[in-house]
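Colleague: Quick one: structure below, then a few questions.
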């Protein structure tokens with residue numbers, strides 16, 4: 003009886019497994035199939051945006067829109083960042099006018115615009131990682147903030163004979179630091195959970211959560227500054243009036259903080275000059291004052307920012323197999339051999355196939371057919387009709403390629 007029961011259960015489990023495998027094969031789902039068999043297949047989390055027949059046109063449409071945030075980020079507009087709408091400039095406005103950055107967004111939201119230009123699969127994963135990083139940093143750094151509070155507080159290890167004014171300032175500073183640190187972890191957790199649920203299904207998720215991303219970044223900066231001030235007050239509270247030890251600790255704290263600021267500012271200037279160019283003036287002054295206070299620094303920052311803007315723009319079009327319509331119009335009056343320096347035929351075909359919902363379709367055979375007739379550059383396809391291109395590829399793909407060459411592509415994610 004027991005043997006028969008085991009056979010019945012084994013047969014039922016086998017049938018269920020076979021049915022699941024059959025459904026996976028019908029839906030091209032290798033993730034659950036690999037989970038059942040214990041390996042041997044690609045176990046990466048399947049993306050919800052693959053083969054999406056309704057691919058979003060948000061990115062390329064906003065690149066072509068002169069009033070969009072991406073156009074402002076890529077310095078494609080002629081707006082000035084220091085205009086006064088009421089005609090009565092304040093002292094801060096006059097100060098900013100002295101160190102004006104033409105076309106600057108003057109916002110921390112610019113830090114995430116380059117992420118908006120990434121492909122859908124890449125940016126959805128990165129937003130989740132950012133939420134995770136902010137949540138974990140906020141939770142772990144809260145321990146450091148609390149240890150610092152106990153070290154400098156009269157209620158902790160402090161002396162009851164301490165200066166009352168210093169202690170009151172210290173209590174207020176550390177209370178603000180604890181609040182900022184706590185809400186950093188809370189905002190990071192919220193971003194983390196919502197991104198897991200929505201980042202792959204919402205085509206404009208980075209654009210939607212850019213405010214929360216900027217809030218988390220600002221909370222990190224404020225928490226670090228408050229902790230540094232609290233550290234100085236705690237050292238003074240515990241070591242004074244033993245001035246040699248106090249001065250040495252002050253000097254070490256200042257060196258550590260300044261060296262960290264210089265290292266971070268150098269990375270921002272060299273790696274992401276465009277994002278740094280668009281940040282508010284106060285952030286630039288606190289991170290890399292030389293890029294604002296000196297004429298040479300301002301010119302170098304602006305030059306590097308424009309170079310990165312052009313690089314990001316061309317990369318965005320290249321990854322989507324599309325042609326920059328502004329570049330196409332300019333090239334129509336110039337040298338035909340230099341019209342499409344950044345896009346190859348393979349990228350053009352893959353981008354067109356992706357917009358048709360065929361992102362996993364192999365287009366190398368169509369590229370090879372073009373190569374047989376010595377058509378190896380995108381510029382050679384200019385002027386060709388849809389019917390002529392259809393001799394090398396399916397008509398729908400030929401029509402999409404033709405629209406891309408004419409600067410009227412339907413766009414991509």
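Numbering (the numbering used here), first residue to last: 3 to 415. Even glycine gets a Cβ: it sits at the ideal position worked out from N, Cα and C.
Taking 7 Å as the limit between beta carbons, can you name the residues of its chain near residue 448, skipping five residues before and five after?
Modeller: The first residue shown for the chain is 3 and the last is 415, placing residue 448 beyond what the model contains.
Colleague: Which residues in the same chain have their Cβ closer than 8 Å to the Cβ of residue 403, if we skip the five residues on either side of it in sequence?
Modeller: Around residue 403: 350, 351, 354, 383, 391, 395.
Colleague: In this structure, how does DSSP classify residue 127 when only helix, strand and coil are distinguished?
Modeller: Helix, per DSSP.
Colleague: Across the region 129 to 142 and the region 234 to 247, are there enough close Cβ pairs to call them in contact, namely three or more that are closer than 8 Å?
Modeller: Verdict: no, contact absent.
Colleague: Would you call the CB atoms of residue 303 and residue 275 closer than 7 Å?
Modeller: Their beta carbons are under 7 Å apart, which means residue 303 touches residue 275 by this criterion.
Colleague: Could you check where the alpha helix (DSSP H) with residue 190 kicks off and where it finishes?
Modeller: Taken as a continuous stretch (DSSP letters only), the alpha helix (DSSP H) holding residue 190 covers 166 to 200.
Colleague: My assumption, with CB atoms under 8 Å, is that residue 118 sits in contact with residue 77. Please give the rounded CB distance.
Modeller: About 15 Å; that fails the 8 Å criterion.
Colleague: Thinking C-beta only, is residue 201 closer than 7 Å to residue 129?
Modeller: The answer is yes: Cβ separation under 7 Å.
Colleague: Buried or exposed, going by whether 16 or more other CB atoms sit within 10 Å of the CB of residue 265?
Modeller: Under this definition residue 265 is an exposed residue.
Colleague: When the Cα atoms are used, what is the spatial distance from residue 155 to residue 234?
Modeller: Cα-Cα distance, rounded: 12 Å.
Colleague: Could you tell me the alpha carbon to alpha carbon distance between residue 66 and residue 319, rounded to whole angstroms?
Modeller: The alpha-carbon atoms of residue 66 and residue 319 are separated by roughly 11 Å.
Colleague: If residue 190 sits next to residue 140, beta carbons under 8 Å apart, how far is it from one beta carbon to the other, in whole angstroms?
Modeller: With 8 Å as the limit, residue 190 and residue 140 qualify as a contact, their Cβ atoms being about 5 Å apart.
Colleague: In this structure, does DSSP put residue 224 in helix, strand or coil?
Modeller: Residue state, collapsed to three classes: helix.
Colleague: Going by C-alpha distance, which of 296, 306, 256 is nearest residue 269?
Modeller: Taking only the C-alpha atoms, the option nearest residue 269 is 306.
Colleague: Quick one: Cα of residue 293 to Cα of residue 108, how far?
Modeller: Rounded to the nearest angstrom, the two C-alpha atoms are 15 Å apart.
Colleague: Residue 272: buried (16+ other C-beta within 10 angstroms of its C-beta) or exposed?
Modeller: Residue 272 is exposed by the Cβ-count criterion.
Colleague: Run the CB neighbour count on residue 288, radius 10 Å, all protein chains shown included, and call it buried at 16 or more, exposed below.
Modeller: The residue is exposed, with fewer than 16 neighbouring Cβ atoms inside 10 Å.
Colleague: In terms of alpha-carbon separation, which member of 69, 196, 183 lies closest to residue 142?
Modeller: Residue 183 is the option with its Cα nearest to residue 142.
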